[in-house]
Ligand SMILES: C[S@@+](CC[C@H](N)C(=O)[O-])C[C@H]1O[C@@H](n2cnc3c(N)ncnc32)[C@H](O)[C@@H]1O
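Numbering (the numbering used here), first residue to last: 110 to 344.
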């Protein structure tokens, strides 16, 4: 579903490349770890240190690559993203073995390569989840994990699409889509993923300390995490 039927902000809407191309200059100062990193820190089913090859899909400026570097010290980490300006920042982190411009739904990477795939805060920009789960399954080794963290559909439906200030007092929305959590389950099950862990993050005191203007959203779910594992033949 296009987010616009829920949109209460009514900012001008820009496409992904244009939006993140501009936001890349200030993204690191505006994104909060409460959104995704605290959910990653709470996951229990992935044996991070044993991972050897990880792919960070929609890697942006490299926040997740740096998290992976700390938690999977023996893993080679590759990253893909569709916005060159975001990748340029990711390159400066030094966290990645390779970085490439690619759509998460068609990465061009070799099949059965990674024992861990990650994607954080990008699924709301995909019109359809099916191609994402299919492509990640293709590049993941049998038994490998796909960890996805996303902006919660409840929050989009509360009227807040992904947005940033392109200049002081000039907010714009980056085109977003609403995917229900059940849409993730359907898309993942269709291509052989099994859900092994799931969590949700609320607008709580930690959030309100950083964004007091969000008091009106207190208690709402703002992000989710899911850990998927490839079904192995015969299991
Ligand atoms: C909110 S940022 C998240 C970046 C990073 N994962 C993080 O957690 O900080 C969203 C990123 O998704 C990328 N993106 C959006 N749609 C994409 C697509 N179809 N294929 C590849 N990257 C995409 C954008 O370019 C942007 O860098």
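Backbone N, C-alpha and C fix where the C-beta goes; we use that ideal spot for every residue, glycine too.
Would you decide whether residue i is buried or exposed? Buried here means 16 or more other CB atoms lie within 10 Å of its CB.
i: residue 117; result: exposed
i: residue 278; result: exposed
i: residue 338; result: buried
i: residue 283; result: buried
i: residue 237; result: exposed
i: residue 137; result: exposed
i: residue 173; result: buried
i: residue 208; result: buried
i: residue 336; result: buried
i: residue 258; result: buried
i: residue 276; result: exposed
i: residue 235; result: buried
Going by C-alpha distance, which of the options is nearest residue i?
i: residue 311; options: 254, 269, 331; result: 331
i: residue 228; options: 241, 131, 220, 266; result: 241
i: residue 316; options: 328, 308, 307; result: 328
i: residue 215; options: 202, 223, 289, 191; result: 191
i: residue 143; options: 336, 313, 322; result: 313
i: residue 115; options: 189, 285, 179; result: 285
i: residue 289; options: 133, 181, 260; result: 260
i: residue 182; options: 325, 159, 291, 147; result: 159
i: residue 295; options: 239, 225, 256; result: 239
i: residue 323; options: 268, 301, 334, 303; result: 268
i: residue 87; options: 233, 177, 270, 208; result: Shown here, the chain extends from 110 to 344; a query on residue 87 therefore has no answer.
i: residue 125; options: 308, 301, 243, 270; result: 270
i: residue 380; options: 306, 287, 233, 210; result: In this structure the chain extends from 110 to 344, so residue 380 is not present and cannot be described.
i: residue 252; options: 153, 302, 293; result: 302
i: residue 243; options: 297, 123, 309; result: 297
i: residue 135; options: 274, 319, 111, 300; result: 274
i: residue 218; options: 234, 187, 193; result: 187
i: residue 334; options: 180, 155, 123, 113; result: 155
So residue i and residue j are supposed to be a Cβ contact under 8 Å. How far apart are they, rounded?
i: residue 231; j: residue 213; result: 7 Å
i: residue 120; j: residue 280; result: 5 Å
i: residue 189; j: residue 211; result: 4 Å
Within the segment 155-206, note down every full alpha helix (DSSP H) run reaching 4 residues or more, in order along the chain.
172-180, 193-202
Can we say the segment 163-176 touches the segment 127-136, given the rule of at least three CB pairs closer than 8 Å?
yes
Sufficient close CB pairs (3 or more, under 8 Å) joining the segment 195-205 to the segment 245-261:
no
Runs of 3 residues minimum, wholly inside the segment 267-308: which ones carry the beta strand (DSSP E) assignment?
272-274, 280-283
Three or more C-beta pairs under 8 Å: does that hold for the segment 153-168 against the segment 133-142?
no
Could you tell me whether the segment 253-267 touches the segment 201-219, where touching means 3 or more Cβ pairs closer than 8 Å?
no
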